[in-house]
């Protein structure tokens, strides 16, 4: 009787060890992807800062220069959240924190652009108005999709 239990325990230990190795490998792949994305974002920062500085100077010097984006606004009645979450369940802490932060404590439900399957599922289940859905977006990011998002955001802001 005890010998059978020992075999089961040893098999279970081996199974858990194997799962641990797989999880560790997946963690290393995810961290390398995150590191590459962070490096790309940091490489773009000087361009953004230069462009922002130039546009700020133009706006400050030219009084007639004005767009919908630079005008003073009154009370904010509507909001739009662009929520980027994962497509699979392996980033539970990240997804949970992002979705909790995005839902926040607003009195009116914001409109949503959901990027990632987990964001889409979360907001559909809770009855939010989802303007655009992008499942599996982060696997194959395309400039055309980013342009579509940017155009939608600027059109909504203008109106």
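Residue numbers (the numbering used here): 1072 to 1230.
For each residue, glycine too, the CB sits at the ideal point set by N, CA and C.
Remember, it's a predicted structure, so these values are computed and weren't measured experimentally.
- Kindly indicate which three-state DSSP category residue 1156 falls into: helix, strand or coil? In the chain shown, counting from the first residue as 1, residue 1156 sits at position 85. Correct three-state label for residue 1156: coil.
- Message: On the DSSP letters alone, give me the boundaries of the beta strand (DSSP E) that residue 1199 sits inside.
- Response: Residue numbering aside, residue 1199 sits at position 128 when the chain shown is read from its first letter. Segment: none, residue 1199 is in no beta strand (DSSP E) and carries neither H nor E.
- Message: I'd like the span of the beta strand (DSSP E) that includes residue 1220, first residue to last.
- Response: Mapped onto the chain shown, residue 1220 falls at position 149. Per DSSP, residue 1220 belongs to no beta strand (DSSP E); it is in the alpha helix (DSSP H), 1214 to 1229.
- Alpha carbon of residue 1079 to alpha carbon of residue 1094, nearest angstrom: Working through the chain shown from its first residue, we reach residue 1079 at position 8. Working through the chain shown from its first residue, we reach residue 1094 at position 23. Distance between the alpha carbons of residue 1079 and residue 1094 is about 22 Å.
- Contact check, residue 1203 vs residue 1184, beta carbons under 8 Å: Within the chain shown, the letter at position 132 stands for residue 1203. Within the chain shown, the letter at position 113 stands for residue 1184. The answer is yes: Cβ separation under 8 Å.
- Task: Measuring alpha carbon to alpha carbon, tell me which of 1098, 1199, 1116, 1218 ends up nearest residue 1152.
- Result: Along the chain shown, read from residue 1 onward, the residue named residue 1152 stands at position 81. Residue 1152 has its Cα closest to that of 1199, out of 1098, 1199, 1116, 1218.
- residue 1109 - DSSP class collapsed to helix/strand/coil: Your numbering for residue 1109 matches position 38 in the chain shown. DSSP places residue 1109 within a helical segment (H, G or I) once states are collapsed to three.
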